[in-house]
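Input: a single structure, listed below in structure tokens.
2 protein chains.
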Amino acid sequence: MEGFLRSFMQVYRPLVTKLNDILAAYQLSYSHWQVIYYLKVEGRSTLADISAHYRVERPSITRRVQRLEELDIIEVVPSENRREKNIQLTEYGNEVYQKSRQAITELEYSLAEGLTKQEQDFVRHTLRKLQQNLISKEGNKFE
Amino acid sequence: MEGFLRSFMQVYRPLVTKLNDILAAYQLSYSHWQVIYYLKVEGRSTLADISAHYRVERPSITRRVQRLEELDIIEVVPSENRREKNIQLTEYGNEVYQKSRQAITELEYSLAEGLTKQEQDFVRHTLRKLQQNLISKEGNKFE
DNA sequence: AGGTAATAGTTAACTAAGGTAATTAAAGGG
DNA sequence: CCCTTTAATTACCTTAGTTAACTATTACCT
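Heads up: the protein sequence lines correspond to chains A and B, in order. Going from the first sequence to our numbering is simple: count from 1 and add 3. Going from the second sequence to our numbering is simple: count from 1 and add 3.
Dropping the structure here:
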């Protein structure tokens with residue numbers, strides 16, 4: 004696996020840059036997209052949910068959410084437990100999701116150019132494995 | 004390739020964190036490692052070389068190098084062209100390289116757990132391809 | 001029920017890392 | 001010899017994360 008880290012890290016930067024370029028259309032960047040995506044898939048959620056899922060500390064999530072609130076992409080909905088803050092996508096937020104989804108999917112396709120279907124499946128499979136190897140060797144403060 | 008970006012980005016953070024933990028032993032982080040690695044492989048170089056190789060703007064490289072200089076990991080060597088700054092690893096810098104190299108290689112091994120040799124080769128191959136796809140679709144201000 | 005402990009969210013302060021724009025110094029070319 | 005280009009630097013801004021400390025609310029346990 005020697006050289007793997009080098010390759011991986013060199014893919015990272017141009018990739019985020021491209022993603023951020025796409026999301027700049029809505030004054031967002033990739034970290035905000037993660038929240039939007041989560042809410043699209045999971046529906047109404049708390050900040051703690053999102054924090055746990057992405058393994059990102061809560062203050063970071065607070066900031067992402069504040070931005071999304073300002074932009075009317077998400078809204079707060081009342082919850083029984085007054086300690087937690089339930090949020091969900093607004094109508095406009097759904098719109099932003101749809102539009103960005105398209106652009107991001109296109110990016111994914113363009114990345115996959117020159118890779119066979121099998122290869123693509125394999126990459127996903129491997130990444131998931133790497134992620135597990137990484138997480139299992141962590142302090143696991145999130146579990 | 005749908006879902007690829009998501010997986011990729013979720014591997015990234017724990018990975019850098021681990022790398023930074025390793026390098027923290029020398030008050031460094033991964034971005035500094037890149038410079039050390041480059042100097043180890045290429046020998047005496049200029050900041051412009053490093054900037055071009057990693058596709059990172061020069062001010063960023065200046066900062067990385069300043070840190071490494073402070074820590075006596077690199078040293079400036081006189082060059083004919085007084086406009087460029089030639090740098091190379093010091094003896095201590097080589098030591099830091101060796102020690103970190105070990106730890107990083109171990110990390111790579113532990114990541115590769117559960118992947119066959121073939122799979123590992125394939126991951127590297129694919130990452131390189133992705134990198135090319137990304138770069139070829141860029142403004143290519145570095146070429 | 002009442003007091004303590006845990007949890008959700010926030011704020012503040014810090015760190016890492018990058019980018020652009022402007023500046024300085026040196027080199028090169030007509 | 002002047003003008004342009006190039007290498008490095010500085011200053012300033014942005015993204016994104018972390019830890020520590022605080023508030024409010026809920027849960028637990030005697």
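Quick reminder that beta carbons are idealized off the backbone N, C-alpha and C, glycines included.
Residue i (DSSP reduced to helix, strand or coil)
{"i": "B/Val148", "result": "Missing from the structure shown is residue 148 of chain B; chain B here goes from 4 to 146 and no further."}
{"i": "B/Glu146", "result": "Model confidence at B/Glu146 stands at a pLDDT of 46, short of 50, so the residue's coordinates are unreliable; what they give is reported in the following sentence. In the structure shown, B/Glu146 sits in coil (DSSP, three-state: anything other than H, G, I, E or B)."}
{"i": "B/Ser32", "result": "coil"}
{"i": "B/Leu118", "result": "coil"}
{"i": "B/Leu42", "result": "helix"}
{"i": "A/Thr93", "result": "coil"}
{"i": "B/Ser139", "result": "helix"}
Within 8 Å, strictly: CB atoms of residue i and residue j
{"i": "B/Ile76", "j": "B/Val99", "result": "yes"}
{"i": "A/Asn136", "j": "B/Ser113", "result": "yes"}
{"i": "B/Tyr162", "j": "B/Leu22", "result": "Beyond the ends of chain B as shown, which are 4 and 146, falls residue 162 of chain B; an answer cannot be given."}
{"i": "A/Ile25", "j": "A/Ile107", "result": "yes"}
{"i": "A/Arg47", "j": "A/Val80", "result": "yes"}
{"i": "A/Glu111", "j": "B/Phe7", "result": "yes"}
{"i": "B/Leu118", "j": "A/Val14", "result": "no"}
Neighbour flag for residue i against chain A, beta carbons, 8 Å
{"i": "B/Ile138", "result": "yes"}
{"i": "B/Lys132", "result": "yes"}
{"i": "B/Tyr100", "result": "no"}
{"i": "B/Gly6", "result": "yes"}
{"i": "B/Arg47", "result": "no"}
{"i": "B/Pro62", "result": "no"}
{"i": "B/Ser54", "result": "no"}
Any C-beta of chain B under 8 Å from that of residue i
{"i": "A/Tyr29", "result": "no"}
{"i": "A/Gln13", "result": "yes"}
{"i": "A/Ser10", "result": "yes"}
{"i": "A/Arg104", "result": "no"}
{"i": "A/Leu22", "result": "yes"}
{"i": "A/Arg66", "result": "no"}
{"i": "A/Ser32", "result": "no"}
{"i": "A/Arg127", "result": "yes"}
{"i": "A/Glu152", "result": "For residue 152 of chain A there is no data in the structure shown, the boundaries of chain A being 4 and 146."}
Nearest-angstrom beta carbon gap, residue j and residue i [assumed within contact, 8 Å]
{"i": "A/Gln123", "j": "A/Ala115", "result": "6 Å"}
{"i": "A/Arg67", "j": "A/Val38", "result": "5 Å"}
{"i": "B/Leu92", "j": "B/Leu42", "result": "5 Å"}
{"i": "A/Tyr29", "j": "A/Ser139", "result": "Contact flag wrong, Cβ pair sits at about 36 Å."}
{"i": "A/Leu71", "j": "B/Phe11", "result": "Actually they are not in contact, since the Cβ atoms of A/Leu71 and B/Phe11 sit about 23 Å apart, beyond 8 Å."}
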